[in-house]
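Taking our numbering as reference, the numbering of the sequence shown is continuous, increasing by one, and the terminal residue is 593.
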Amino acid sequence: MSNHRRPVGERPEFQYVPREPRRHRYLDEDDDQVDYAPPPEDDDVVTTGRHAVVYDDRHVDEPHADYTEPVYEQSAYENPVYEQPFDPEPVYEDGYGPRSYGDARAYRAPAVDDRAYDDPAYADEPVHVDEQYEPVHVDEQYEAHTYPDDRYDTPPDEPDVAFAEAETQIISAIPEEIPPTRAHARTQARRRNQAKGRARRGKLFGALAAVTVLIVLVGIVFVGGKMFFGGPDAPADYAGPGGPEVVVQVHPGDTAEEIASTLAERDVVASGSAFFNAAVQSNAMNSVQPGFYSLSTQIPADDAVQELVDPASRVGQMIISEGRQLHDTTDVQTGAKKKGIYTLISEASCIGEAGQEQCIGYDDLNAAGAGDLSALGVPDWAKDAVAGVPDRDRQLEGLIAAGSWDFDPTAGPAAILQRLVTESSASYEKTGILTAGNQVGLTPYKMLIAASLVEREAMPDDFSKVARVILNRLAVNQALQFDSTVNYALDTTELATTDADRAQVTPWNTYASPGLPATPISSPSIGALQAVEQPAPGDWIYFVTVDSKGTTLFTKNYDEHLANIDQALNNGILNSGR
C-alpha cells in the first residue's frame, strides 16, 4: 500500500504532479537496506508510526527570503479526511485507532514547531513537532529509515493543508486480530458482572430456602414433641419395682411411637413419651419382631426396653414343621418322642417366672380340638368331611398348616386353635385348592389328605411323582398301601411296618381299606399341596425307597416293583424295629 492518493481539498486548477510515493516499512527483496542512524539527543527526529524525518540541527534566526509561513486550519494529526469511502476507525485515548502500529503511549495532540529554517529543502514545508512524543522502537526485523526528501511539493505562495495532511499521514499496518473497542469491552465486563450477581443471588435464595425448610421442620418437631411428650417437663415414669406381668402384642409395621402407646395403655410404663425416649437410645430395639411379649407392669421406661428386647420375653411363638401331626409320636427305631402340634402350643403358651409358669395343658387343647367346628374356624369347604371323622380327637388333623406362628397365650385353648385354623385355611386357599381339584377329580379336603400323604412318603424332589401315583391308583380303585397310613393310627413313625400292623383295620390304614384315609395324616407343606394340584405326568403305579439317602424308584410293572423291594431289603431300609 502506498500513500500517493490525491489529497482532499486540492484545487481543480492546480496541476498536481505526483511524486514518488514514500517508502513503506515493509521492503521488497530488491530494496536497498537503509542504515539505521540513532536520533540526535536534541530530539530533532520526529517520528510518526513507522516513519521518521530527520531535520538539520541548524538554527535560523531569520526566516528564508522565499519562505512563507503556511497557515494551518487544524493540526495534521487531528481528524484527517480522506476521499476514499470507508468508516473512520475509532480513536482511543492514546490517539491511535485499532489499526495503529507502534508505541503510541506518549502520543498526544501535535504542536507546531516555531523554529525557522533556512534550508531550501524545508522552505516550502511546515514541520510539526510533538515535543512530548518519544521515538518509537521498531521491530527487530525492520530498521527505521529516514527519508528527508520524501514529501509532496507545495507552491510556496499557496500552502495547502491537504498536502500537509497527506505528508504526515501514517500508513498503518493491519493486525491479524482487531481488539475490541472500549465500549464493547465495557459491555462484556458489565454482562460478566451481571452473571456473577445472578449466581450470588441464586445461592443466597437457595440458602434462604434451606434455612426456611429447616426452621419449619424444627417447628414441627418441637410442636409434635410437646404434643407427644406432654410439654416441656420430663415425661412421667415409674420408679419400680414393677407389678404382675401382662402380654402385649407388637403388630407388623408398628413404630416406636405405636409400641410406646400400647405399653402405656397396658400400664407397663407411666407414659408413652418416657418409653419413646428410652427406645430411641437403644440399638437393640431394631431386633424387636412382631409377636407377643410378656412384660412386667409399672416399671421404668428403661427397664421396659430391656424386657422387650430380651428373647425370653417372647411368648406364644412356635414353629410347626412339615409333616407334623396333632399328637405326639414315637420313633420305632430310636424310641425318641416327636412333639405334636398340641404339645408345641402348650409349651409356647407358658408365661411367668421360671418354675412358676402358667401354661395351657395338652389335654385342654386336645379337648378343645374335638369341639364345635364353627368355633374352631373350620372352613366351609372342609366342614362336611370333618364332621364325619370317626375319631373326634383327630378332626383338626391337617387343618393347621406348617410354618411359624404367633398367638396370644392368655387366650383360651379354643380361641388359640380357632386363630391357627382360620389363618391356615387362608394360606391353603391362596394355592388354588378351591379350584385345582376339578382337574384331578378331588375335593379341596381330599386334596389336603393327598398332600399329607405326599409329605410323609417322599422327598421334595419326588413330590409330583408320588402325587401322580396316588391319582393313578385312585383312578383304578387300587389300594394305596402306604406304610405312613399304618403308622398314623399307631402314633408311631417308621419307614417299614409289620404284617400285623398292616392287618389292623382302621379308617387310616390304606392296606386294609381302599381309597384315601379318613383325614390328613399330617400338616402338609405348600409344596406338597401344589404337587397334588399339578402332578407330574406318568403311568407309575408303584414306588419304593431303596436307600437311606431317600432314593425312590417308580414303575408301573409289578415284577420290577418286587425287584426294587429286594434292593431296599438288601440295603436294610425295610427292616422293622418291631
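Even glycine gets a Cβ: it sits at the ideal position worked out from N, Cα and C.
Practice task
With a 10 Å radius around its C-beta and 16 neighbouring C-beta atoms as the bar for buried, classify P550 as buried or exposed.
Solution key: Classification of P550: buried, given that the 10 Å Cβ count is 16 or more.
Problem - CB contact check: V261 to chain D, cutoff 8 Å - result: Any reference to chain D falls outside this structure, which holds one protein chain only.
Problem - Same chain, Cβ closer than 8 Å to A279, neighbours up to 5 away in sequence not counted - result: If we look at A279 and ignore the five residues flanking it on each side, its Cβ neighbours are A285, S286, G287 and F290.
Practice task
Answer yes or no: do N572 and V559 have a C-beta to C-beta separation smaller than 8 Å?
Solution key: It is not a contact, given that the beta carbons lie outside the stated cut-off.
Practice task
Report yes if the CB atom of M333 is closer than 8 Å to the CB atom of L310, and no otherwise.
Solution key: Not a contact, by the Cβ cut-off of 8 Å.
Practice task
Taking Q582 as part of the alpha helix (DSSP H), name the residues at either end of that continuous run.
Solution key: Counting along the chain, Q582 sits inside the alpha helix (DSSP H) bounded by residues Y573 to N585.
Handout entry: Y41 burial status per 10 Å Cβ neighbour count (16 or more: buried)
Key = Confidence at Y41 is low in this model, with a pLDDT of 46, below 50, so its placement is unreliable and the value that follows should be read with caution. With fewer than 16 other CB atoms across the displayed protein chains lying within 10 angstroms of its CB, Y41 is exposed.
Practice task
Count the C-beta pairs between the stretch 386-393 and the stretch 423-441 that are closer than 8 Å, then say yes if the count reaches three, no if not.
Solution key: Verdict: yes, contact present.
Handout entry: Contiguous alpha helix (DSSP H) assignments of at least 4 residues, all confined to the stretch 444-470
Key = Assignment of alpha helix (DSSP H) within the stretch 444-470, counting only whole runs of 4 or more residues, yields 448-455 in chain order.
Practice task
Could you say which of G452, P532 and A451 lies nearest to A494 if we only look at CA atoms?
Solution key: Distance from the Cα of A494 is smallest, within the candidate group G452, P532 and A451, for P532.
Exercise for the section: Verify whether the separation of the beta carbon atoms of V561 and I541 is less than 8 Å. Expected result: In this structure, V561 sits away from I541, with a CB-CB distance that is not shorter than 8 Å.
Handout entry: Among V261, G268 and T345, nearest to T312 - alpha-carbon criterion
Key = Of all alpha-carbon atoms in V261, G268 and T345, the one lying nearest the alpha-carbon of T312 is that of V261.
Exercise for the section: Would you check if the distance between the CB atom of V491 and the CB atom of N524 is smaller than 8 Å? Expected result: Not closer than 8 Å, so no.
Exercise for the section: Drop a sphere of 10 angstroms on the beta-carbon of A482, count the other beta-carbons inside from all chains shown, and report buried for 16 or more, exposed for fewer. Expected result: Buried, by the Cβ-count rule.
Exercise for the section: Would you give the residue range spanned by the alpha helix (DSSP H) that Q321 belongs to? Expected result: Counting along the chain, the alpha helix (DSSP H) containing Q321 begins and ends at A316 to V324.
Exercise for the section: Can you tell me which of the three DSSP states R329 falls into? Expected result: Strand at R329.
Handout entry: Residue from L489, A543, S419 and Y443 with nearest C-alpha to L468
Key = Nearest C-alpha to L468 among L489, A543, S419 and Y443: A543.
Problem - Short Cβ contact (8 Å threshold) for A363 with G331 - result: In this structure, G331 lies closer than 8 Å to A363 by Cβ.
Practice task
Using a threshold of 8 Å, state whether the C-beta atoms of A416 and S538 are closer than that.
Solution key: Going by C-beta atoms, A416 is nearer than 8 Å to S538.
Problem - Cβ separation of P529 and I464, assumed to be a contact under 8 Å, to the nearest whole Å - result: Actually they do not touch by this definition, with Cβ atoms about 14 Å apart.
Handout entry: Any non-hydrogen atom of the ligand SAM closer than 7 Å to T513 Cβ
Key = Summarising the ligand content, the structure contains no ligands, and the ligand SAM is consequently not present.
Practice task
Could you check which residue in T508, D387 and G413 has the C-alpha nearest to that of G346?
Solution key: For the sequence presented, residue 346 should be read as Asp rather than Gly. Taking the Cα of D346 as reference, the smallest distance to any Cα among T508, D387 and G413 is reached at T508.
Handout entry: Candidates I431, N590 and E548: closest to G456 by CA position
Key = Per the Cα distances, E548.
Exercise for the section: Have a look at T277 and V283 and give me their C-alpha separation to the nearest angstrom. Expected result: Going from the Cα of T277 to the Cα of V283 covers about 9 Å.
Practice task
Would you mind working out which of Y557, A473 and D325 sits nearest N298, comparing C-alpha positions?
Solution key: Checking every option, the nearest Cα to that of N298 belongs to D325.
Handout entry: Per-residue DSSP class, three states only, for Y253
Key = Note: Y253 maps to coil in three-state DSSP.
Practice task
Could you name the residues that DSSP lists as bridge partners for E260?
Solution key: Partner(s): S311.
Practice task
With DSSP collapsed to three states, give me the class of L589.
Solution key: Coil.
Problem - Own chain residues within Cβ distance below 8 Å of P259, not counting five before or after - result: Closer than 8 Å at the Cβ level, and outside the excluded window around P259, lie S311 and T312.
Problem - Secondary structure of F290, DSSP reduced to three states - result: F290: helix per DSSP, three-state reduction.
Problem - Sequence-distant residues of the same chain with beta carbon closer than 8 Å to L380, five excluded per side - result: Contacts found: Y357, I360, S361, P428, I431 and L432.
Exercise for the section: Could you check if A293 is buried or exposed, using at least 16 other CB atoms within 10 Å of its CB as the buried criterion? Expected result: So A293 ends up on the buried side.
Handout entry: Which of helix, strand or coil DSSP assigns to L505
Key = DSSP places L505 in helix when its eight states are reduced to three.
Handout entry: Beta-carbon separation (whole angstroms), Y460 vs A546, contact threshold 8 Å
Key = Not quite, the Cβ-Cβ distance comes to about 17 Å (not below 8 Å), so this is no contact.
Problem - Cβ-based neighbour list, Q264, same chain, cut-off 6 Å, excluding 5 preceding and 5 following - result: These residues qualify, in order along the chain: F307.
Problem - Spatial neighbours of I251 in its chain, beta-carbon cut-off 6 Å, leaving aside the 5 residues before and after - result: Residue identity check: residue 251 is Ala in the sequence provided, not Ile. If the five residues before and after A251 are omitted, its C-beta is found closer than 6 Å to the C-beta atoms of A285 and S286, all from its own chain and listed in chain order.
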